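The structure appears right after this line, and notes come after that.
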Amino acid sequence: MNWTPVFFGTALGNFGVDHMLDGLVAWAPAPMPRKTDTREVVAAEEKFTRFRV
Numbered sequence: 005m006n007w008t009p010v011f012f013g014t015a016l017g018n019f020g021v022d023h024m025l026d027g028l029v030a031w032a033p034a035p036m037p038r039k040t041d042t043r044e045v046v047a048a049e050e051k052f053t054r055f056r057v
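In my numbering, the protein residues as written are 5 to 57.
As C-alpha cells, this is what we get:
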C-alpha cells in the first residue's frame, strides 16, 4: 500500500503552515546539482540571486 501525505491549513490564519513545511522537508527529495551552460550549480551554495523561468 502506498501512502500520500495530505496537509490542510491556511496561510492567512497561519494554521498548519509549520506542519506543511515540516512535512515537505521530511517527504521531498533533497535538491540535486544542476548543470547550466556555464557551470554546475550546487544546492548548498551560499550565494543565491533568484530563479528564472
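Where is the CB? At the ideal position from N, CA and C, for every residue including glycine. These numbers come from a predicted model, not from an experiment.
query	result
Minimum C-alpha distance to residue 7 - residue among 31, 35, 50	31
Per-residue DSSP class, three states only, for residue 29	helix
Residues bridged to residue 19 [DSSP beta-bridge criterion]	14
7 Å Cβ shell around residue 9 - same chain, five flanking residues per side excluded	27, 31
Among 51, 47, 13, 12, nearest to residue 33 - alpha-carbon criterion	47
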